[in-house]
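Residue numbers (the numbering used here), protein chains in the order written: chain G, 1351 to 1626; chain D, -15 to 330; chain U, 5 to 312.
Spelled out as structure tokens, the structure:
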């Protein structure tokens, strides 16, 4: 493979210009987060003045006491939880079916699952909106959930399928060989084995839903999720730092599940059946 | 097990095709109750597929399999009185060794106390009582192999299937496990169906063995039968090593052009032009190559017409120096006539 | 014997085990029903809607087959919107490829496993974390009195910034209300989508190929251009599918950072929202779908799907 122990020259050193470019791109990717955090503490509440005229913790309290923030947060959490639950069930079933057998249209199914996330967001959004209008379905909590679940299925599917592909077929066979039905085998052997992949897929789906705005705009009527709340605030000049505080909160609540999901699905290697 | 040993597994014209590949092709065989039966063959010869057909993981394309005299067609693996030791052991990584061994009992709703007792007994049987609370990941390859065996035996199956169970172990451990497996099989008096590509292993352990080639069974018999009277040139070559003699040389030595074989250890090297006893066969040749192997030496002797015969001699008095000095020497090869055996066509 | 312990559950399990097609069907039914009915059904309704028409007088959608909506779509103004969006998508894609390549190259070629793991998190975190917040951060950075202007001022380059803002098309009153600002924000939010596929493609270039090229006398620059770059191209194309598609379908970035000239996403949003003209909005989305369809065909010919 790439790291041959016998290779005498060892790892090559990167040219300085390349290192500089790498550092530049990484800064570009991460500095904006620092800016957001900084602005959550500025005393200037009407413009984007830099450097901030002063720093204060007041906005945390103001944001804490805003009922609209809590409402939006509550809705976002409920939508994300419901969409994640649906995505977990649908994604796991699809992954199990694709892994279990080669059937006609297998590729088509994978493609169909990826489509909602690969097509431009407005396409998914306006398509759902148009279907709702044709079928005269009123906007509701559930229309938002349906939209979110549709594009969340694929992350669960990908995680579970990847784990199934790394699971030796002999584990399930050994269980059935010892008398367990496929249902018992799923509960006692496969589910514990898939647990971290399910948690990871679920967390990514949760983060995806918690943060979504484009599809939500088309499927929510008066329902204000947290991203929609932020989006609405952007055009209001008053109490901007409250928006910044909420933004920091959103970044933190999505970063934690993402990091956990990443850690859970990293290839730990070994420990799996016979270590082959 | 009184009286007649009825077949516990019976294959009747069983085939398993994957598309155009005939993994198993019209196999019929009987495995008797309580015997140690090996399926021997190179990789891809269909022996593992046969094992999976017995276990129920796979179903025949045509033909019938009888387990204990009953058609197994409608029996899924979880309803078969058959258990398997997998090649990769397939231990459940999230369970302790004890939980692994007791899994089959837990599925049967055996009470916890009895589960523990029987799992303990099985771990005693495979001489691993001290690792019960560990996880499979913390065990060595040999230990995992024993746990897999204990787990498969805990349900007291009438047939135990073993898929190259010793393949991943080193030579010393493998030889030790061969003896232990055989002892366990005799003690529990259950049928072992043992898949291997190692002919020595099959000869050492089996009551009977089937030699597989390209999805078909070339020969079924006791180790002695298969070794001494190979039914086909393939069996002669795959089980042990063998000199295949055909054509004009066969006519000269055996009096007929039909192919025949002779085992390397059945040939004696005598001095060139030495007299040969009346019933014996002989041919003159030149030693071309010598491989000194410690306990014995392997010679390659050219006997004319481009044919090379392999001869193995024990180094009773021969030293390495003697052996290598023989290179290039003209010699006469002699053998008792009954060892030059005709073999059937391919 | 085991058959004496038959419970209804086990009987059902046996029944299904012996009928793998039925079992597969049961597994597939819920996801297929969801995606087939909800998603494909919605896409179909989108096409159907585009052949309805909004009665401008009553504000009601008339559910009768007509090409009127499609005729409404074919106006110079809408053509401008499509062209502007596609140009932006192309510019963002090219810039993202240029920025992504060095980082991806470093990750695949030079980084030790530990450094690589850190860099991977460094790319994944922005990819997954709040898109809206990340767009918003550029509003803070590019505002007239914001971070970027301040640094430019400190460097004594305010005159240069003013020159750039004075340019037609890309300029504007400030960076946060200009095409240039829109471009920067797009580049920022979609960059990780370009880095990952390029890294994956470069990862698959065997080191021995690079060494073989060097062994045959190629200078490092020649090896890079003739061996590494062509092999990384599928990754670039795969990444460009994301950056292109995401830019085409976005309305948040241009409305937070843009000037008054519309992008496709904004037009769709406006038509379905305030105007209630869902047929026209539906017809409008066919433009990005057509562009993406053509692009995907082109990408498949270049082998980009292997790098996804």
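No residue lacks a Cβ here, since even glycine has one placed at the ideal position from N, Cα and C.
Each of G/1418, G/1542, G/1583 and G/1611 was checked against the Cα of residue 77 of chain D, and the nearest Cα belongs to G/1542.
The three-state reading of DSSP puts residue 1543 of chain G in helix, counting H, G and I together. Taking C-beta separations shorter than 8 Å and ignoring five residues to either side along the sequence, the partners of residue 1578 of chain G in its chain run 1422, 1563, 1566, 1567 and 1570, following chain order. Here the alpha carbon of residue 294 of chain U sits roughly 14 Å from the alpha carbon of residue 54 of chain U. For residue 135 of chain D, the nearest beta carbon of chain U is not closer than 8 Å to its own beta carbon. In this structure, residue 1426 of chain G sits near residue 1575 of chain G, with a CB-CB distance shorter than 8 Å.
Not flagged as an interface residue toward chain D: residue 1442 of chain G, since no C-beta distance is shorter than 8 Å. Counting only Cβ-Cβ distances below 9 Å, residue 58 of chain D has contacts in chain U at 18 and 22, in chain order. Counted as a single uninterrupted DSSP element, the stretch harbouring residue 125 of chain U is not any beta strand (DSSP E) but the alpha helix (DSSP H) occupying residues 117 to 132. Taking the Cα positions, residue 11 of chain D is about 27 Å away from residue 242 of chain D. For residue 1377 of chain G, the number of other beta carbons within 10 angstroms of its own is below 16, and it is reported as exposed. Residue pairing by DSSP puts residue 55 of chain D in a beta bridge opposite D/50. In this structure, residue 193 of chain D places its C-beta atom within 8 Å of the C-beta atom of residue 24 of chain D.
Excluding five sequence positions before and after residue 302 of chain D, the CB atoms of its chain that fall closer than 7 Å to its own CB belong to 281, given in chain order.
Counting along the chain, the unbroken beta strand (DSSP E) around residue 319 of chain D starts and ends at 314 to 320. The residue from D/31, D/147 and D/210 with its alpha-carbon nearest to that of residue 222 of chain D is D/210. With at least 16 other beta carbons inside 10 angstroms of its own, residue 1526 of chain G counts as buried. DSSP places residue 324 of chain D in the coil class of the three-state scheme, outside both helix and strand. In its chain, beyond the 5 residues on either side, 1499 have a beta carbon closer than 6 Å to the beta carbon of residue 1436 of chain G. In the structure shown, residue -10 of chain D adopts coil according to DSSP, grouped into three states. For residue 83 of chain D, there are no C-beta contacts with chain U under 7 Å, since the nearest C-beta of that chain is about 21 Å from it.
Residues 1564 and 1568 of the same chain have their beta carbon placed closer than 8 Å to that of residue 1472 of chain G, with the five preceding and five following residues left out of the count. Between residue 150 of chain U and residue 263 of chain U, the CB-CB gap reaches or exceeds 8 Å.
Distance between residue -7 of chain D and residue 288 of chain D, taken at the CA atoms: about 49 Å. For residue 98 of chain D, not one C-beta of chain U is nearer than 8 Å to its own C-beta. Between residue 1546 of chain G and residue 1440 of chain G, the CB-CB gap reaches or exceeds 8 Å. In this structure, DSSP gives residue 1465 of chain G a helical state, which the three-state scheme calls helix.
At least 8 Å separates the beta-carbon of residue -5 of chain D from that of residue 40 of chain D. When the beta-carbon positions are compared, residue 252 of chain D and residue 323 of chain D stay at least 8 Å from each other.
Residues are counted here when their Cβ sits less than 8 Å from a Cβ of chain G; for the region 253 to 285 of chain U these are 253, 254, 255, 256, 260, 268, 269, 272, 273, 276, 282 and 285, given in chain order. Residue 1543 of chain G is outside the set of residues whose beta carbon lies under 8 Å from a beta carbon in chain U.
Judged by beta-carbon spacing, residue 218 of chain D lies within the 8 Å limit of residue 202 of chain D, meaning their Cβ atoms are closer than that value. Non-local C-beta neighbours of residue 239 of chain U in its own chain, meaning closer than 7 Å and more than five positions away in sequence, comprise 201, 202, 204, 205, 206 and 311, ordered along the chain. Interface with chain G (8 Å Cβ-Cβ cutoff): residue 243 of chain D is excluded. Cα atoms of residue 96 of chain U and residue 247 of chain U: separation of roughly 7 Å, rounded to the nearest angstrom. Annotation: the continuous beta strand (DSSP E) that includes residue 12 of chain D extends over 5 to 16.
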